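Here the structure is laid out as structure tokens; the discussion comes afterwards.
In full-length UniProt numbering, the protein residues as written are 1 to 320.
Take a look at the structure:
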């Protein structure tokens with residue numbers, strides 16, 4: 001019987017592991033009554049574990065609604081994330097609030113989380129290692145925020161992600177080449193309507209499952225550095241029709257306003273021009289001729305100026 005009770009006790013304690021630290025301070029302040037009877041101690045621990053597990057599994061944050069493992073805290077004018085969530089939360093919506101930061105380790109206890117919606121907040125970054133324990137997260141919405149860059153470790157260990165939405169982050173200027181490293185299941189990536197002028201091919205080529213990439217609405221500079229990415233996109237992405245007309249070049253001037261996907265290998269022909277030995281000799285000869293002409297021109301101008309000066313001086317003497 002004791003073995004069975006110990007098994008139940010350990011199971012209960014595992015479920016409430018994330019809640020125990022919050023009660024440590026209170027327990028430390030209680031007077032110690034002396035060593036209790038072992039059976040009474042076991043019963044007390046079972047009751048405490050049962051109550052804590054029940055509370056952890058059913059409690060719902062203030063201003064949020066909880067139903068069927070879905071926690072909806074959207075449109076509540078929250079300035080911070082709710083501190084406690086049901087342990088079995090699968091779908092968490094914090095959209096349309098005023099949240100400026102997510103504390104480190106916030107998702108540690110919510111291992112069942114599948115969907116996280118943080119759109120339309122004031123986030124500028126996410127803490128390192130936020131998704132270390134969110135192994136089952138598949139959908140992440142970070143649109144309509146204030147991210148300026150996507151660092152290399154932003155999605156660390158979130159290998160189950162299938163959809164990432166980073167659209168409508170107007171200050172987003174840079175995506176690290178290793179930002180999406182390890183996301184082998186990622187199918188949909190939305191980077192539209194940001195401030196991206198360039199995107200490294202290295203950031204995308206290690207995403208074998210990528211099907212849809214939204215990149216319209218960015219100020220793309222369609223210079224020689226963009227050729228590898230465009231070539232990869234034409235050969236890899238299967239569905240870009242919904243986004244192709246929105247992706248336009250903002251520079252250089254000769255292609256300004258042109259649809260990004262309309263550029264062909266001919267558009268980048270100048271990027272592959274190489275100079276031969278004859279070209280270098282011709283350039284050197286032209287440079288030499290121009291230098292001689294410049295010296296001759298300066299010499300003639302000097303003589304002309306000297307003659308004019310003498311003529312002017314002679315005229316003044318005659319008048320006197």
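Even glycine gets a Cβ: it sits at the ideal position worked out from N, Cα and C.
Just so it is clear, the structure is predicted and the values come from calculations on it, not from any experiment.
In this structure, the beta-carbon distance from residue 64 to residue 71 falls below 8 Å.
Distance check between residue 106 and each of 298, 197, 129 places 129 closest, using alpha-carbon atoms only. Taking the C-beta atoms as reference points, residue 74 is found no nearer than 8 Å to residue 59. In the DSSP assignment, residue 259 forms a beta bridge with 248. If you draw a straight line from the Cα of residue 148 to the Cα of residue 86, it comes to about 32 Å. Annotated as distal: residue 133 and residue 115, with beta-carbon spacing of 8 Å or more.
Bounds of the beta strand (DSSP E) holding residue 91 are 91-93.
DSSP, read as helix, strand or coil, puts residue 172 in coil.
Between residue 61 and residue 165, the alpha-carbon positions lie close to 26 Å from each other. Look at the beta carbons and you see the stretch 173-186 not touching the stretch 225-233: under three pairs across the two are nearer than 8 Å. Taking C-beta separations shorter than 8 Å and ignoring five residues to either side along the sequence, the partners of residue 172 in its chain run 147, 148, 149, 150, 166, 191, 194, 195, 196, following chain order.
Residue state for residue 100 is assigned as coil, using DSSP reduced to three classes. In terms of Cβ geometry, residue 121 and residue 91 do not form a close pair [threshold 8 Å].
Short of 8 Å from the beta carbon of residue 95, and not among the five residues preceding or following it, lie these beta carbons of its own chain, in chain order: 74, 75, 117, 118, 119, 120, 121, 141.
Counting along the chain, the unbroken alpha helix (DSSP H) around residue 236 starts and ends at 227-236. Taking C-beta separations shorter than 7 Å and ignoring five residues to either side along the sequence, the partners of residue 66 in its chain run 60, 86, following chain order. Of the candidates 125, 101, 135, 135 places its Cα closest to the Cα of residue 108. Note on geometry: alpha-carbon atoms of residue 155 and residue 175 lie some 12 Å from one another. Per DSSP, residue 178 is not a residue of any beta strand (DSSP E), being assigned neither H nor E.
Between residue 163 and residue 144, the gap from beta carbon to beta carbon reaches 8 Å or more. Our two residues, residue 103 and residue 271, have alpha carbons roughly 46 Å apart in a direct line. Looking at the DSSP output, residue 211 bridges to nothing.
The Cβ atoms of residue 233 and residue 210 do not sit closer than 8 Å to each other. About 4 Å separates the beta carbon of residue 247 from that of residue 260, a gap short enough to meet the 8 Å contact definition. Nearest neighbour of residue 222 by Cα position, chosen from 199, 205, 208, turns out to be 199. Excluding residues up to 5 positions away in sequence, 97, 98, 99, 100 lie with their Cβ nearer than 8 Å to the Cβ of residue 79 in the same chain. Between residue 217 and residue 295, the alpha-carbon positions lie close to 53 Å from each other. Secondary structure of residue 137 (DSSP, three-state): coil. Between residue 158 and residue 183, the gap from beta carbon to beta carbon is short of 8 Å. Boundaries of the beta strand (DSSP E) harbouring residue 65: 65-67, taken from the DSSP string.
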